[in-house]
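Mapping of the sequence shown onto UniProt numbering: position 405 corresponds to residue 405, and the numbering continues sequentially without gaps. Structure, as C-alpha cells:
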Amino acid sequence: MGHGHHHPHGHDHEHGHRHDHEHDGEPRALPAAMDTEIPDSELSPDQLSRRSMLRRAGLLGAGIAGAGVLGSSAFEAAAAAPGTRPTGNNGRGNGNGNGRMLWLAGDHHIHTQYSSDGLYRVSDQVRNGARHGLDWMVITDHGSTNHSRIGVEKVNPDIKAARERYQDTLVFQGLEWNIPAAEHATVFVHPGKNEVDVLKQFETGYDGAVKGATADTPQNEALAISGLNFLAEQVQRKKVKAALMLANHPSRKGIDSPHEIRAWRDAQPGIAVGMEGAPGHQAAGIAKPGGPGSGRGYYDSSPGAGSFPAYPAESYRTWGGFDWMTATVGGLWDSLLAEGKPWWISANSDSHSNYADTAARPSDTDFDANGFHGDPVYSGGLNLDAGDYWPGQYSRTHVGATGFSYAAVMEGIRDGRVWVDHGGLISGLDAQLRGGNRSATLGGTLQVKRGTSVELRLEIALANGANWAGFVPELARVDVIRGEVTGAAQDRDGFRAPGTKVAQSFEVNKSTGSVTLTHKLGKVDRPVYVRVRGTDGNRSQVGLHGAATDPNGPALDVVGDADPWRDLWFYSNPIWVLPS
C-alpha cells in the first residue's frame with residue numbers, strides 16, 4: 001500500500017485556502033496527514049496512509065518532532081582564525097518560538113525527461129516521491145548547452161503543474177551544475193517569478209560543460225567561485241529569496257579536491273553548504289543477473305587526469321553506501337568540521353531510471369531538437385540493469401523545518417538541521433546537546449561556560465513498519481563520533497582530523513518503539529563537536545585510520561556484489577560545543 005500524502009484531485013483539507021506557490025514566504029497550512037485537528041475520517045486514502053506511517057513512527061505530536069537551536073555568533077568569532085571568514089549558523093535561532101520543528105523528508109537530486117540520460121516526467125517523480133513519503137523534492141536536470149538553451153524553461157510549467165497538483169509536496173526547480181574544474185552539484189532556488197531567469201543565467205554563464213571549463217585549471221576553479229558569487233548576488237538583489245548548492249557524489253571521480261571544497265564553502269557559506277554524504281544510484285551494486293553488477297552509487301572508477309593525486313584508492317568506492325569523505329572517521333568531512341566550518345551532508349536518489357521499473361524511453365524521441373525526451377512507455381519487462389530507486393524509496397534527507405514552506409526547508413538545510421538514512425533504518429532522530437541549562441540540536445552550537453558538564457541525549461524512533469523492500473529494518477548499534485575543533489587548516493588540501501574518533505557505541509536491543517541514549521562529554525574546556533551514525537550491524541570493518549579511531553566502521557562496498565538493503569546506515573550532521 002502506498003505511503004503517500006499527495007492527493008491529485010484537490011482534496012478539501014487545505015485549511016480553507018489555496019496557496020500561491022510563486023510567492024511562498026510564510027509557512028503554509030500543514031499537510032492534512034500531519035494536522036492532528038483533521039480527523040482520520042476526513043482524509044483521503046493516500047493521506048490516511050501517510051498519517052498511519054507517521055503515527056507508527058511516533059512522529060505525530062511526539063518529542064521526536066522538535067528541538068531548539070541556539071545561535072552561534074560567539075562560536076563564529078572563536079572558531080575562525082584571524083583573517084578568515086566567520087563560521088557557524090549565522091547566529092539564527094529556530095524562529096518558531098516554541099522550540100518545535102517539523103522533520104520533513106526530501107531529495108535534492110532528481111532527473112526527468114529533460115535530462116539527456118533521463119526518462120520520467122516531472123509528475124512521475126513527484127507522485128512517486130510523495131508515495132514514498134517525501135515532503136519536498138528538487139528537480140535537477142543536467143546542466144548542458146541544450147538545457148541552458150531550452151530545457152530550463154520547458155521544465156518549468158511541468159514543475160508548476162506538479163506544485164499545483166501535489167499540494168502536500170514542496171517541489172523546487174534546480175539543476176545539476178557541472179562545477180567548473182570539478183564534479184556535479186545541485187543548485188536550486190526558492191520558487192518565484194525569476195526562478196527560470198536566474199537558473200538560466202547561472203547555467204549559461206557558469207556551467208563547466210556549457211563554458212568548456214571542465215579542465216582542472218586555476219581559471220576554471222575561479223569560474224566556479226564566480227558562479228557562487230552570482231547566486232549570492234541574485235539573492236542580495238532579491239531576484240530570488242534564497243539559493244543553495246550541495247556537491248553531488250564528491251568522491252566518485254576524485255576531482256573535488258579539498259581546497260576546492262573549502263573554497264566553495266568559504267566564498268559563499270550561506271549558499272555552498274554541503275555535499276551528498278551518500279550518493280544516489282544505490283541499486284547499482286546489486287549483483288548480476290538480478291541487478292546492474294556495478295558499484296553502489298556507480299562508484300567503480302579509478303584516478304583520472306583531473307583527480308586529486310593524494311586521494312587513496314579506497315576513496316573511489318562507497319563504504320556502507322556512503323561516500324568516503326563522509327564515511328571515514330577523521331577524514332575529509334571531519335577535517336572541515338574540526339575547523340569549525342559548517343559543511344552538511346545529505347542522501348539522495350539521483351533517480352534517472354529506476355530498478356525493476358518497466359518504463360523505457362520512446363524510440364522516436366529527439367532530445368537535441370526538443371530539449372526533452374518523449375513520455376516514457378511501459379511495454380517492456382522489469383529493468384534489472386537500472387541502478388536507481390524512486391525518490392524516497394531508499395535514501396532520505398530529513399530536514400528540521402520551522403514550518404511547511406519552501407523557505408523553511410531551505411533554512412533548515414542551510415542551518416544543518418539534517419539527518420539522513422538508508423532503507424528506512426530509523427523513523428526519527430532527536431539529538432540534543434545539553435549543558436548549563438541550554439541545549440542545541442543538529443547544526444547548532446551549544447555555548448557554555450568553560451568546565452560545564454555537557455551531555456548528548458538521543459531519542460531515536462525505530463523502524464516500526466516495513467520499508468520498501470518489504471522488511472522491518474532493525475537498528476543494531478549507534479556510534480557517537482567526537483572531534484576537537486582546532487581552527488583553520490594550515491593545509492587547504494588537508495583531509496585528516498586526527499583528533500576525531502568514535503567516543504562511544506551503544507548496542508540497541510529493541511526493534512520497535514523508540515530508544516533514548518545518553519553520552520556524557522564530561523566537563524568541556526575546549527571547542528568540540530559530536531555527530532552520530534547508526535547501523536543494522538550487517539557489515540562493518542575497522543576504519544581507514546585504525547581501530548583506535550573507528551573500531552567498527554562501515555565496510556568497503558564490493559563492486560558487483562553490494563545489495564544496498566543488506567547494509568543500512570543513518571548519519572546525522574554535527575553539533576558543536578563552545579566553552580568560553
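Every residue, glycine too, gets a C-beta built ideally from N, C-alpha and C. Just so you know, these numbers come straight off a predicted model, no measurement behind them.
Asked	Found
What residue ranges within the segment 481–540 form continuous beta strand (DSSP E) runs of no fewer than 3 residues, ordered along the chain?	501–507, 514–524 and 528–535
Please name the residue or residues paired with H398 in a DSSP beta bridge.	A105 and W419
How would you label Y378, buried or exposed, when you count the other beta carbons within 10 angstroms and need 16 or more for buried?	exposed
Quick one: using the 10 Å Cβ neighbour count with 16 as the cut-off for buried, is R237 buried or exposed?	exposed
What separation, rounded to the nearest whole angstrom, lies between the Cα atoms of S302 and G543?	21 angstroms
Between the segment 221–240 and the segment 193–204, do at least 3 Cβ pairs fall closer than 8 angstroms?	yes
Who are the Cβ neighbours of L48 in its own chain at under 7 angstroms, not counting the five residues just before and after it?	D40
Could you tell me which residues DSSP pairs with R477 in its beta bridges?	E507 and T535
Below 7 angstroms CB to CB, which residues in the same chain sit around M410 once its five sequence neighbours on both sides are set aside?	H190, A242 and L244
Quick check on L382: does DSSP put it in helix, strand or coil?	coil
Look up R434 in the DSSP assignment and give the residues it is bridged to.	S439 and E455
Who pairs with T445 in a beta bridge, going by DSSP?	W576
With DSSP run on the structure shown, which of helix, strand or coil describes I150?	helix
Rounded to whole angstroms, what's the CA-CA distance from A338 to R533? Just pull it up for me.	17 angstroms
Looking only at its chain, what residues have a beta carbon closer than 6 angstroms to the beta carbon of G306, apart from the 5 residues adjacent to it on each side?	D216 and I255
Closer than 8 angstroms by C-beta to residue 583: which residues in its own chain qualify, once you throw out the five before and the five after it? Chain order, please.	The chain is shown from 1 up to 580; residue 583 falls before or after that span and cannot be answered.
Under 8 angstroms, with one C-beta from each stretch per pair, do the segment 461–481 and the segment 505–513 reach the 3-pair mark?	yes
What are the partner residues of V189, as DSSP defines its beta bridges?	A243
Which residue comes first and which comes last in the alpha helix (DSSP H) that contains T204?	E195 to Y206
Grab me the residues of G330's own chain with a C-beta within less than 7 angstroms of its C-beta, minus the 5 sequence neighbours each way, in chain order.	R496, A497, P498, T500, K501, H545 and T549
Taking the straight line between their C-alpha atoms, what separation do you get for G270 and D168?	27 angstroms
Does the distance from the C-beta atom of P376 to that of A359 stay below 8 angstroms?	yes
Could you give the distance in angstroms between the alpha-carbon of E22 and the alpha-carbon of K193?	Interpretation of E22 is limited by its pLDDT of 41, a score under 50 that renders its predicted location unreliable; the figure taken from the coordinates is listed afterwards. The straight-line gap from Cα to Cα measures roughly 6 angstroms.
Under the assumption that E221 contacts L175 (Cβ atoms under 8 angstroms), give the Cβ distance between them as a whole number of angstroms.	In fact, because the Cβ distance is near 20 angstroms, the residues do not count as touching under 8 angstroms.
Determine the DSSP secondary structure at V472, reduced to helix, strand or coil.	coil
Output the boundary residues of the beta strand (DSSP E) element that contains T140.	W136 to H142
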